[in-house]
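J.:
In the working numbering, the protein residues as written are 6 to 162.
#1: Quick one: what's got a C-beta closer than 6 Å to residue 51's C-beta in the same chain, skipping five residues either side?
#2: Have a look at 124, 154 and 139 and flag the residue whose alpha-carbon is nearest the alpha-carbon of residue 66.
#3: Return the first residue and the last residue of the alpha helix (DSSP H) that residue 76 is part of.
#4: Using a Cβ-Cβ cutoff of less than 6 Å, which residues in the same chain neighbour residue 86 once the five nearest sequence positions on both sides are dropped?
#5: Are three or more beta carbon pairs between the region 69-79 and the region 44-59 nearer than 8 Å?
#6: Would residue 154 and residue 134 qualify as a contact pair, given that the criterion is a beta-carbon distance under 8 Å?
#7: To the nearest angstrom, how far is it from the Cα of residue 137 to the Cα of residue 45?
#8: What is the DSSP secondary structure of residue 56, reduced to helix, strand or coil?
#9: For residue 68, count the other beta carbons within 10 Å of its own beta carbon; 16 or more makes it buried, fewer makes it exposed. Which is it?
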């Protein structure tokens with residue numbers, strides 16, 4: 006198979022499936038199945054795709070993600086997170102956009118503790134995003150600091 010067919014399948018197929026309204030995950034899985042059948046040869050390609058997906062999920066760096074999301078949910082639903090956010094907000098009450106500053110500082114601290122970019126972003130997203138949205142932040146402006154701390158997290162050893 007040529008690279009033109011592969012690029013047509015990847016770009017054209019995924020674009021077409023997304024335009025008809027298929028969710029992103031399902032469209033990528035469909036493209037992977039078709040590509041495995043075409044390029045790797047039928048059943049052997051499908052079995053190789055299953056082996057590769059199992060190896061990707063067993064990756065150790067993905068282990069802390071559910072636990073950090075659980076920690077964020079527990080902190081949020083017990084009300085402890087709101088008390089901490091209010092306390093930090095009082096310390097930086099003169100700063101405009103103080104919830105964004107709180108998100109960046111908390112993300113820096115948690116990224117130094119966890120060492121996992123994905124886990125820190127997931128935990129902050131489940132913890133800070135509802136608070137920022139409930140206080141009237143625009144959804145785009147609320148997700149900005151949370152996504153930015155994911156990029157900063159890679160720089161912290």
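Each residue gets a CB set at the ideal place from its N, CA and C atoms; glycine is no exception.
Every value quoted in this text rests on a predicted model; they were computed, and no experiment measured them.
T.: Considering the structure as presented:
#1: 41
#2: 124
#3: 69-83
#4: 80 and 132
#5: no
#6: no
#7: 47 Å
#8: helix
#9: exposed
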